[in-house]
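Have a look at the structure below, then the notes.
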Amino acid sequence: MAEKLEKEQGFIMKEDAGRGYRRVVASPKPIDVIEKEMIKELVEDGKVVISCGGGGIPVIREDEMVKGVAAVIDKDFAAEKLAEILEADCLLILTAVDRVCVNFNKPDQKELAEINIEEVNRYIEEGQFAPGSMLPKVEACKKFVMHDGSKIAMIASLSKAKEALKGLSGTKIVR
């Protein structure tokens with residue numbers, strides 16, 4: 001099937017870690033959220049807004065029209081962009097682990113309760129965070145904190161979101 005799609009549609013297909021094949025498309029970082037004004041209005045009205053699901057739908061503006069494109073917007077960077085637009089005080093990215101770790105799954109694994117941008121940069125340079133997994137989460141948090149030094153970002157498990165906001169769980173990323 002993958003070969004057929006490559007031949008007939010011109011798609012680029014790659015094996016996905018023993019789970020079959022996936023189409024490979026561009027993964028640009030978001031530069032805007034089209035529905036931002038509506039989202040801001042709902043948030044200001046006290047509504048819970050669910051948006052940018054899975055990163056959102058990638059589009060381009062062409063001749064004053066919005067047109068869908070074959071791409072995947074990273075969900076962590078979409079969350080960062082929306083938090084930036086909304087001027088949020090905190091960006092909380094929820095995942096499957098309680099804290100960001102260095103030396104992940106190794107005997108000397110270390111959980112990080114709080115890290116600053118200098119440490120984030122060092123750990124990224126060392127290759128401590130897996131691409132497509134923890135790396136985009138950490139990079140999105142770094143971008144949010146760098147945008148406005150008075151803001152914080154957190155990475156925590158879904159089951160401990162409340163505790164993370166109280167500083168009892170998760171990894172806090174500060175300038």
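Okay, so the sequence shown: first residue is 1 according to the UniProt record's numbering, each after it adds one. We put the CB at the ideal spot given by N, CA and C, even for glycine.
Top-ranked residue by Cα proximity to residue i, from the options
i, options, result
"glycine 149", "Ile117, Arg122 and Val138", "Ile117"
"aspartate 89", "Leu5, Phe144, Phe77 and Glu111", "Phe144"
"isoleucine 34", "Gly68, Glu15 and Tyr21", "Gly68"
"isoleucine 60", "Pro28, Cys101 and Tyr21", "Pro28"
"leucine 112", "Val138, Val49 and Glu125", "Val138"
"histidine 147", "Leu91, Val100 and Gly127", "Leu91"
"glycine 54", "Asp76, Ile85 and Val66", "Asp76"
Cβ separation of residue i and residue j, assumed to be a contact under 8 Å, to the nearest whole Å
i, j, result
"arginine 23", "isoleucine 12", "7 Å"
"valine 72", "serine 157", "Between serine 157 and valine 72 the Cβ distance is about 24 Å, and since that is not below 8 Å, they are no contact."
"isoleucine 93", "alanine 140", "7 Å"
Residue i burial status per 10 Å Cβ neighbour count (16 or more: buried)
i, result
"aspartate 74", "buried"
"lysine 162", "exposed"
"methionine 134", "buried"
"glutamine 9", "exposed"
C-alpha distance - residue i paired with residue j, whole-angstrom precision
i, j, result
"lysine 7", "alanine 83", "41 Å"
"aspartate 87", "aspartate 108", "It is glutamate, not aspartate, that sits at residue 87 in the sequence shown. Near 38 Å, if we compare the C-alpha coordinates of aspartate 108 and glutamate 87."
"alanine 78", "asparagine 121", "21 Å"
"aspartate 45", "glutamate 37", "12 Å"
"proline 30", "glutamate 80", "9 Å"
"glutamate 64", "proline 58", "16 Å"
"alanine 17", "glycine 170", "28 Å"
"alanine 164", "methionine 154", "7 Å"
"arginine 175", "tyrosine 123", "15 Å"
"asparagine 105", "isoleucine 85", "36 Å"
"serine 159", "lysine 172", "16 Å"
"cysteine 101", "phenylalanine 129", "8 Å"
Helix, strand or coil at residue i [DSSP, three-state]
i, result
"residue 177", "Nothing in the structure corresponds to residue 177, since the chain is present only between 1 and 175."
"glutamate 111", "strand"
"lysine 47", "coil"
"alanine 26", "strand"
"residue 210", "Residue numbering for the chain in the displayed model covers 1 to 175; residue 210 lies beyond these limits and cannot be assessed."
"glutamate 97", "It should be pointed out that residue 97 corresponds to valine in this sequence rather than to glutamate. Coil."
"methionine 154", "strand"
"glutamate 118", "helix"
"valine 138", "helix"
"methionine 1", "coil"
"valine 145", "helix"
"isoleucine 31", "coil"
"lysine 106", "coil"
"isoleucine 12", "coil"
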